[in-house]
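Residue numbers (this note's numbering), protein chains in the order written: chain H, 71 to 487; chain A, 286 to 344. Take a look at the structure below.
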Amino acid sequence: MLVLLVPLALAGIALINTGLGRSRSTAQSMLGALGVMAAAAIAYVAVGFACEGSPGMPEHAVMIAGKPWGWLGAGTFFLRHLPLTGSPVSLAVLLQIFGVALAALIPWGAGSDRWRLKAGYASTVLFAAWIYPLFAHWVWGGGWLAQLGVHYGLGRGFMDIAGAGTMQAAGGLTALSIVWIVGARQGKFIANQLPAVFPGHNILYVLFGCCLTLGGWLGLNGAGAMLFAGIAPGGVVLVAVNTVLCASGGLLMALLVTRVRFGKPDASLCANGWVAGLAASSAVCAFVPPVAALLVGMMIGCAVPFLAELLELHCGVDDPTGAIAVHAGGGLWGLLAVGFMGRFGVPAGGQMLAQIAGIATLLGFILPLAYGLNWLLNLIIPYRTDPEGDRAGMDMHELGAGAYPEFVLRGEDFVQR
Amino acid sequence: MKIPGFMLLLAGWGITLAAIVLLPKPVPRCVFMLAGVAVELLGLGLLIRSQYLARQVGL
Numbered sequence: 071m072l073v074l075l076v077p078l079a080l081a082g083i084a085l086i087n088t089g090l091g092r093s094r095s096t097a098q099s100m101l102g103a104l105g106v107m108a109a110a111a112i113a114y115v116a117v118g119f120a121c122e123g124s125p126g127m128p129e130h131a132v133m134i135a136g137k138p139w140g141w142l143g144a145g146t147f148f149l150r151h152l153p154l155t156g157s158p159v160s161l162a163v164l165l166q167i168f169g170v171a172l173a174a175l176i177p178w179g180a181g182s183d184r185w186r187l188k189a190g191y192a193s194t195v196l197f198a199a200w201i202y203p204l205f206a207h208w209v210w211g212g213g214w215l216a217q218l219g220v221h222y223g224l225g226r227g228f229m230d231i232a233g234a235g236t237m238q239a240a241g242g243l244t245a246l247s248i249v250w251i252v253g254a255r256q257g258k259f260i261a262n263q264l265p266a267v268f269p270g271h272n273i274l275y276v277l278f279g280c281c282l283t284l285g286g287w288l289g290l291n292g293a294g295a296m297l298f299a300g301i302a303p304g305g306v307v308l309v310a311v312n313t314v315l316c317a318s319g320g321l322l323m324a325l326l327v328t329r330v331r332f333g334k335p336d337a338s339l340c341a342n343g344w345v346a347g348l349a350a351s352s353a354v355c356a357f358v359p360p361v362a363a364l365l366v367g368m369m370i371g372c373a374v375p376f377l378a379e380l381l382e383l384h385c386g387v388d389d390p391t392g393a394i395a396v397h398a399g400g401g402l403w404g405l406l407a408v409g410f411m412g413r414f415g416v417p418a419g420g421q422m423l424a425q426i427a428g429i430a431t432l433l434g435f436i437l438p439l440a441y442g443l444n445w446l447l448n449l450i451i452p453y454r455t456d457p458e459g460d461r462a463g464m465d466m467h468e469l470g471a472g473a474y475p476e477f478v479l480r481g482e483d484f485v486q487r
Numbered sequence: 286m287k288i289p290g291f292m293l294l295l296a297g298w299g300i301t302l303a304a305i306v307l308l309p310k311p312v313p314r315c316v317f318m319l320a321g322v323a324v325e326l327l328g329l330g331l332l333i334r335s336q337y338l339a340r341q342v343g344l
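Take a look at the structure:
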């Protein structure tokens, strides 16, 4: 039943992406989110799960120094030969159909207001059929990261119970690739001036989206803990408490930081703190006491406003939803935190090294892979909208109608800046 | 600088993997794994710098 809560997280992230975007691209953003979920689900079922596999299922492995390194699942396409009867494997498939869609929504938000629909869908197919399953096989499919404990004595191997790495960090790093490829929104960066501010057009969507994400993450973390870490059903209570505490710590620290820095709390950055806390909770929720979960959330909530500012002001990254800071930052921080705060019943040093190996893989392999594949795809299907799309907004350009036809909320949104 | 940035990312990952396979003792393994991550961060910094400079040229 917990798995069935996860679509709330999808709805929440879609609403947050849409609310933080501009009014002239609202319908395209929301339709794009639905299409991204659909493309991700189909691609994962068709190809993704075959590449990911599951412990005990066939896999491709190479022998390195006498030890097998599983690197790719060798399953069958379209879930053939997999009975969908409520077995743990079938529940894991269902969870990951939602999970891969959640991860694919992260780059969609980062590229909003200039990323074409069809390019977004094509990139999603690439992500759900290849990038996500490859890393998920290494972590959850019995691949080499999961076996670091058995083969090299590194704790219990790389631990990512609910997708802090496979979904959040992989999605966030793919978002960074997309932002580099599509470039900034027109008028965002002007020579010798501070970057222009394009405030989110509907903060109610954003904050309501945050409420929905909590429900979704409770399902995601609870189901992930049982399916991928073998936590008993009773342990879900600790998972739920820690999830709430992580998100709460993230929100309150973001609120405090923005209150101190700007004189008043910034609602969009507070929302970012909340979601970053949730992203971090996906790594730590089952293995740390509640106080540590609160601390993990507070630390990422404190860091997110600075990280978002660093990316925009000093790195020239135009990320309208803060997806990179929130999901990549939150996910990677959670993976690191569980290494030194987690209670696994094994030596902490070894577990920490396993976590570092996973983080190094995300940065050193998944980021170049995501960039390289999307760079190639961009040559076939141009990602960036044309100048007319920049001028008129994505709603008018791609859909022929705006989301708010009877209201012009911001007149300047509809003319060239 | 973009290609060297990506090369450094991959090289850092390679150092991390090599440390796991080749160094059984905890301290050298830990040191080399951290060195691998440091190389990755260097590559990430180079990539960010290259994108920033490319944007400055475009303005």
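The beta-carbon is built from N, C-alpha and C at its ideal position, and this holds for glycine as well. If you're wondering where the values come from, they're calculated on a predicted model, not measured in any experiment.
Evaluate residue i with the Cβ neighbour count: other Cβ atoms within 10 Å of its Cβ, from every protein chain shown; 16 or more gives buried, anything less gives exposed.
{"i": "M368(H)", "result": "buried"}
{"i": "K248(A)", "result": "Missing from the structure shown is residue 248(A); chain A here goes from 286 to 344 and no further."}
{"i": "S93(H)", "result": "buried"}
{"i": "S99(H)", "result": "buried"}
{"i": "V249(H)", "result": "buried"}
{"i": "P375(H)", "result": "buried"}
{"i": "L165(H)", "result": "buried"}
{"i": "H397(H)", "result": "buried"}
{"i": "G37(H)", "result": "Nothing can be reported for residue 37(H), as the shown portion of chain H is limited to 71 through 487."}
{"i": "R184(H)", "result": "buried"}
{"i": "L264(H)", "result": "exposed"}
{"i": "T244(H)", "result": "buried"}
{"i": "R487(H)", "result": "Note that R487(H) scores 48 on pLDDT, short of 50, meaning its location in the model is unreliable and no value can be drawn from it."}
Return the bridge partner residues of residue i from the DSSP annotation.
{"i": "W185(H)", "result": "R454(H)"}
{"i": "V307(H)", "result": "DSSP output for V307(H) lists no bridge partner at all."}
{"i": "H130(H)", "result": "L142(H)"}
Taking Cβ-Cβ distances shorter than 7 Å, what residues in chain H pair up with residue i?
{"i": "P289(A)", "result": "Those do not exist, as P289(A) stays about 12 Å from chain H at its closest Cβ, beyond 7 Å."}
{"i": "V306(A)", "result": "I134, A135"}
{"i": "P311(A)", "result": "G419"}
Whose C-alpha, out of the options, is nearest the C-alpha of residue i?
{"i": "L187(H)", "options": "L432(H), M107(H), R329(H)", "result": "M107(H)"}
{"i": "I394(H)", "options": "I176(H), D183(H), E122(H)", "result": "I176(H)"}
{"i": "L246(H)", "options": "A120(H), W200(H), L164(H), E382(H)", "result": "E382(H)"}
{"i": "G156(H)", "options": "L74(H), P457(H), G145(H), G227(H)", "result": "L74(H)"}
{"i": "C121(H)", "options": "M133(H), G400(H), G140(H)", "result": "G140(H)"}
{"i": "A489(H)", "options": "F205(H), S193(H), A240(H), F119(H)", "result": "Missing from the structure shown is residue 489(H); chain H here goes from 71 to 487 and no further."}
{"i": "W200(H)", "options": "F119(H), F332(H), A398(H), M422(H)", "result": "F119(H)"}
{"i": "V361(H)", "options": "V309(H), N342(H), M229(H)", "result": "V309(H)"}
{"i": "Y222(H)", "options": "A303(A), L293(A), F291(A)", "result": "A303(A)"}
{"i": "S124(H)", "options": "P203(H), V252(H), L315(H), V267(H)", "result": "P203(H)"}
{"i": "L104(H)", "options": "A116(H), N87(H), V115(H), V117(H)", "result": "N87(H)"}
{"i": "S95(H)", "options": "P475(H), Y474(H), M464(H)", "result": "M464(H)"}
{"i": "I288(A)", "options": "C340(H), P438(H), L321(H)", "result": "P438(H)"}
{"i": "E325(A)", "options": "L432(H), G415(H), G136(H), A341(H)", "result": "L432(H)"}
{"i": "A198(H)", "options": "S318(H), C372(H), I112(H)", "result": "I112(H)"}
{"i": "M323(H)", "options": "Q256(H), D336(H), H151(H)", "result": "D336(H)"}
{"i": "A266(H)", "options": "L274(H), Q256(H), Y275(H), N272(H)", "result": "Q256(H)"}
{"i": "V489(H)", "options": "T455(H), V159(H), Q421(H), D456(H)", "result": "With chain H represented from 71 up to 487, any question about residue 489(H) goes unanswered, as that position is not in the structure."}
Against residue i, what residues of chain H qualify as contacts under a CB-to-CB distance less than 9 Å, listed in chain order?
{"i": "L295(A)", "result": "G434, F435, P438"}
{"i": "Q322(A)", "result": "In the sequence under discussion, the amino acid at residue 322(A) is Val, which differs from the Gln named in the question. Chain H residues near V322(A): I426, I429, A430, L433, G434."}
{"i": "M318(A)", "result": "L423, I426, A427, A430"}
Name the chain H residues that come within less than 8 Å of residue i, Cβ to Cβ?
{"i": "L327(A)", "result": "Per Cβ cutoff of 8 Å: no residues; L327(A) is ~11 Å from chain H at best."}
Could you list which residues in chain A have their beta carbon closer than 7 Å to that of residue i, in chain order?
{"i": "Y222(H)", "result": "I305"}
{"i": "W250(H)", "result": "Q336"}
{"i": "G386(H)", "result": "Q336, Y337, R340"}
Using a Cβ cut-off of 8 Å, pull out every chain C residue sitting near residue i, in sequence order please.
{"i": "A254(H)", "result": "Here the protein chains are H and A, and chain C is not one of them."}
What does residue i reach in chain A if we use C-beta pairs closer than 9 Å?
{"i": "L218(H)", "result": "I305"}
Determine the chain A residues that contact residue i at a beta-carbon separation under 8 Å, and present them in chain order.
{"i": "G409(H)", "result": "The contacting residues do not exist; G409(H) stays about 12 Å from chain A at best."}
{"i": "G227(H)", "result": "The contacting residues do not exist; G227(H) stays about 11 Å from chain A at best."}
I'd like the ranges of any alpha helix (DSSP H) spanning at least 4 consecutive residues and lying wholly in the region 135-203 of chain H.
158-180, 187-196
Segments assigned alpha helix (DSSP H), at least 4 residues, entirely inside the region 374-428 of chain H
Entirely contained in the region 374-428 of chain H, the alpha helix (DSSP H) runs reaching 4 residues are, in chain order, 400-411.
Taking only runs of the beta strand (DSSP E) that begin and end inside the region 241-315 of chain H, which ones reach a length of at least 3 residues, in chain order?
none
Those runs of the alpha helix (DSSP H) which lie wholly inside the region 328-367 of chain H and span at least 4 residues:
337-354
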